[in-house]
Structure formats: structure tokens, C-alpha cells
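Take a look at the structure set out below.
There are 2 protein chains.
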Amino acid sequence: MEFPSKLIENAVGELAKLPGIGRKTALRLTLHLLKAETEATSSLAEALAKMRFEITYCQTCHNISDTEECSICANKLRDHSMVCVVSDIRDVIAIENTGQYKGVYHVLGGVISPIEGIGPSDLHIDTLLTRIPESEIKEIILAISPTMEGDTTAFFLSRKLREFPDVHISTIARGIPMGGELEYADEITLGRSIVERTRQAK
Amino acid sequence: MEFPSKLIENAVGELAKLPGIGRKTALRLTLHLLKAETEATSSLAEALAKMRFEITYCQTCHNISDTEECSICANKLRDHSMVCVVSDIRDVIAIENTGQYKGVYHVLGGVISPIEGIGPSDLHIDTLLTRIPESEIKEIILAISPTMEGDTTAFFLSRKLREFPDVHISTIARGIPMGGELEYADEITLGRSIVERTRQAK
Ligand SMILES: [Zn+2]
Ligand SMILES: [Zn+2]
């Protein structure tokens, strides 16, 4: 596809770098912005840049946050003795949307993936281990997508967590189809899988 | 969907304003940018803002252009006696991609739509009419999508063009399915519809 303008070409090229956006869709979006008020484009560009450059992470759970402590960790009404371990911020949003969970979170920032060169030290596992005694945590729910990498990560964590024999370890109930991504589950299934979580044998 | 950060919420909200982008897709794009290098976001934001604020239009044909005259109008090898009238820049790109057309263009900037309050005076029709005698145009191809609004626009133009009895008026061949949008046509169909254009009876 050739464009009559380098400006258009650059905009289309940048949009088409986003996952799931092809060049035809990118052109459609570009021409939409071109027809709309200039304000629409400046708001979008500013929101993206601001998000990327000003974002911070909660020092306790590594959730995204506009402050040092995220709104979930800061909420005294939540059960701080129960920590739900997830790989990704998306999973926090998905579980929060079920309205079924009242504990707190720990965001690993990924899963162990030898292919992508992601090892345990690349994930927020150390902060989880130091957090357990400091915060008197009684239960840890491993809510990691049951993919191959997810299962590897959960297995690795289970073994690490053996140093805390008083902490109950559970995994979300297998309402989630095997090989399925957590974030695609409907809210009812995901909600149930939290409520009916299965406690792990030690 | 609730977000743990206003910055994320704004970015998702702005992306979700784009046509065909839902909130779930917007969140996916936002988290993709968050994981990627900061440079990816700044390049995207800058490309969009630059495109929107620096874009200019060809003074002859109203095609998008980085200069006063677009690369098609400036090309001496093209047949300047043949003008293809289209509603949109997308149509110029689509026809150029067929490689079948060697004339020049005139971009109306829309179609007559009483529902959306777009009348003939909102389109670049006047500049087309002044262009015909000035540029010694011999043929005008009406390449407007055969939708109801497109047909209305083509009919309006046909009548206006009666003041130039020496100019041949043709419409693109009905290879395009009725009610179909020009830009969705495959290149072969669109290319043929240009080559086999039907000359209008006066
Ligand atoms: Zn937190
Ligand atoms: Zn031009």
C-alpha cells in the first residue's frame, strides 16, 4: 500500500505495529483521526504518552498504580492475609471485575518461559517471599493461567512456598478450560474458580 | 471495567473512542505499550500528532499531501486530461494500488448526505468545475461508491457537468457489488471497473 504522504505513512506504520492492527485497519484509524477534530488526536497522543511515561507500580504488589501504594493494598477493608498471585495486571482487572475476591494481590509480571528467556529471577517472586512473613499472610491463591508456562510457574512457586508451612496454598478451581487464558474467561466462571479454589496438598 | 490507575483509564478511554476498538482491545493495546520500550509509545504518539497537525491537502485535487501539490498532480507522466472523482482519500489509495489508472484525481471529501447534513456546498465540487476549463480536462470518471448517498452525489455531479458538453463523463463499471464500499473491493475487481468504465449517455 502506497501513501501520498509521509505523515500518513508514519502514522499508519506506527499503528500497524500494535498487536492485532493490520495496515488496512491502521489506515482506517488514521483517516478517522484526520476527519475528526484535531483535539481527538492530541487527547489520544497525550493520554498514551502520559500513561507510558508517568505510570508507576505499587511497591507492595507490583500492580499498576498512580501512587506508591495501589488502591487495593491501601484498602483496609480488604483481607490482607490472603494474597492472590497473578502473572499480569490484566488478571487483576479480570478478577476485580468478578467482584468475588476481597483479598489482595501479587503481580509476578509474567510467567517462567525458557523460550522467551524469562527465568524466575525476572519475576517478582523475591518480594512475594519477603512479603509473607512481614504481612502475616495466611493464604496464597495461585491464579495463574493453566498454560504450560503458567503451570511451570505455579509448580516453581509451590516448591518455594514450602518454606512457609503455615501458609495455605490454593489454586483457582479448574473452571477455567485447560490451556485457556485467564483474562478470556467469562466473569461467572472466573468468579466461581476463585470461590471454589482448591487447596493444594503439601 | 475498573482500572487501578487513572493513567491507564485515560489511555484505554481514548483508544476505545477509535472506530472498531472496544474497551477490551483498548486495554490490550495499552498493556502492550506498557510492556514495550517507552520509545514505542513516544513514536506512536508523535506520529499521530504530527500527522494530524502538519497534514496539508493538495490545492488542485484535495488529496492528502506533504506539499502544496500532491505527488500525483505533480507527476508529468500522468494523463492530466483525465480526472477520477472520488469521495475519499481512501479511494485514491485503493485505485492507486490497482496500478490500472494513469490519470489524476479529484477528492470530493465526502458524499451528499441529507441525514448527516452534508450538502453539495460541503464538498469540493466548485473547485472541480473551475478546474475543468483551466486544465483542459477531456474525461471525468465518477468513481463513487454505489451506495444511496454515492448515487445521489454522482447524479448531482452528472447534472452539473452538463455545462461542459465536450467533456466525456464515465462511471466505473459495475464490477463493484451494489451497495458495496469501494475500498473493500479486491484489486482486480476495482482495477477492471476502472478499465471497463462505462461512458454516460448525455
Ligand atoms: Zn498494591
Ligand atoms: Zn493533487
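Sequence lines, in order, name chains A and B.
Using the UniProt record's numbering, the first residue of the first sequence is number 1, and each one after it goes up by one.
Using the UniProt record's numbering, the first residue of the second sequence is number 1, and each one after it goes up by one.
We put the CB at the ideal spot given by N, CA and C, even for glycine.
{"Asked": "The region 120 to 137 of chain A in contact with the region 160 to 172 of chain A per 3-pair CB rule at 8 Å", "Found": "yes"}
{"Asked": "Close-in-space but distant-in-sequence residues of the same chain around residue 14 of chain A (CB under 6 Å, 5 per side omitted)", "Found": "none"}
{"Asked": "7 Å Cβ cutoff, residue 5 of chain A in contact with chain B", "Found": "yes"}
{"Asked": "Reduced DSSP secondary structure (H/G/I, E/B, other) of residue 79 of chain A", "Found": "strand"}
{"Asked": "C-beta neighbour in chain A for residue 11 of chain B, strict 7 Å", "Found": "yes"}
{"Asked": "Range of the contiguous beta strand (DSSP E) that encloses residue 168 of chain A", "Found": "168 to 171"}
{"Asked": "Around ligand 1, Cβ to any heavy atom closer than 7 Å, ordered along the chain", "Found": "A:58, A:60, A:61, A:63, A:65, A:69, A:70, A:72, A:73, A:104, A:105"}
{"Asked": "Counterpart residues of residue 65 of chain A in DSSP-defined beta bridges", "Found": "A:56"}
{"Asked": "DSSP bridge partner residues for residue 28 of chain A (one or two, in chain order)", "Found": "Residue 28 of chain A is not bridged to any residue."}
{"Asked": "Whether residue 68 of chain B touches residue 111 of chain B by CB criterion (7 Å)", "Found": "no"}
{"Asked": "Below-7 Å beta-carbon distance, residue 51 of chain A vs any chain B residue", "Found": "yes"}
{"Asked": "Residue 98 of chain B to residue 31 of chain A span [Cα, whole Å]", "Found": "20 Å"}
{"Asked": "Nearest residue (CA-CA) to residue 55 of chain B, options A:3, A:91, A:48", "Found": "A:3"}
{"Asked": "Exposure label - residue 126 of chain A; buried when at least 16 CB within 10 Å", "Found": "exposed"}
{"Asked": "Under 7 Å by beta carbon: chain B residues contacting residue 45 of chain A", "Found": "45, 48, 49"}
{"Asked": "Collapsed DSSP secondary structure at residue 103 of chain B in the structure displayed", "Found": "strand"}
{"Asked": "Within 9 Å of chain B by C-beta, residues of the region 81 to 93 of chain A in sequence order", "Found": "88, 89, 90, 92, 93"}
{"Asked": "Reduced DSSP secondary structure (H/G/I, E/B, other) of residue 199 of chain B", "Found": "strand"}
{"Asked": "Option in A:100, A:5, A:107 with minimal Cα separation from residue 92 of chain A", "Found": "A:107"}
{"Asked": "Cα-Cα separation between residue 195 of chain A and residue 131 of chain A, rounded to whole angstroms", "Found": "23 Å"}
{"Asked": "The region 24 to 40 of chain B: positions lying closer than 8 Å to chain A by Cβ", "Found": "25, 27, 28, 29, 30, 31, 32, 33, 34, 38, 40"}
{"Asked": "Separation of residue 36 of chain A from residue 66 of chain A, as counted between CA atoms", "Found": "30 Å"}
{"Asked": "Contact residues within the UniProt domain \"Toprim\" (81 to 177) of chain B, judged by C-beta distance below 8 Å to chain A", "Found": "88, 89, 90, 92, 93, 96, 97"}
{"Asked": "Spatial distance of residue 101 of chain B from residue 170 of chain B (CA atoms)", "Found": "14 Å"}
{"Asked": "Reference residue 6 of chain A, options B:57, B:24, B:7, B:19, closest by Cα", "Found": "B:57"}
{"Asked": "Amino acids of chain B, ordered along the chain, whose beta-carbon sits closer than 8 Å to that of residue 71 of chain A", "Found": "4"}
{"Asked": "Residue of A:147, A:86, A:124, A:19 minimising C-alpha distance to residue 104 of chain A", "Found": "A:86"}
{"Asked": "Cβ pair residue 41 of chain B, residue 48 of chain B closer than 7 Å", "Found": "no"}
{"Asked": "Residue burial classification, residue 183 of chain A (beta-carbon count within 10 angstroms, cutoff 16)", "Found": "buried"}
{"Asked": "Contact with chain C by residue 54 of chain B, beta-carbon distance below 7 Å", "Found": "No chain C is present in this structure, whose protein chains are A and B."}
{"Asked": "Contact under 7 Å by Cβ, residue 89 of chain A with residue 64 of chain A", "Found": "yes"}
{"Asked": "Local Cβ density within 10 Å of residue 75 of chain A, reported as buried at 16 or more and exposed below that", "Found": "exposed"}
{"Asked": "Reference residue 80 of chain A; option with closest CA among A:141, A:52, A:26", "Found": "A:141"}
{"Asked": "Limits of the unbroken beta strand (DSSP E) element including residue 141 of chain B", "Found": "139 to 142"}
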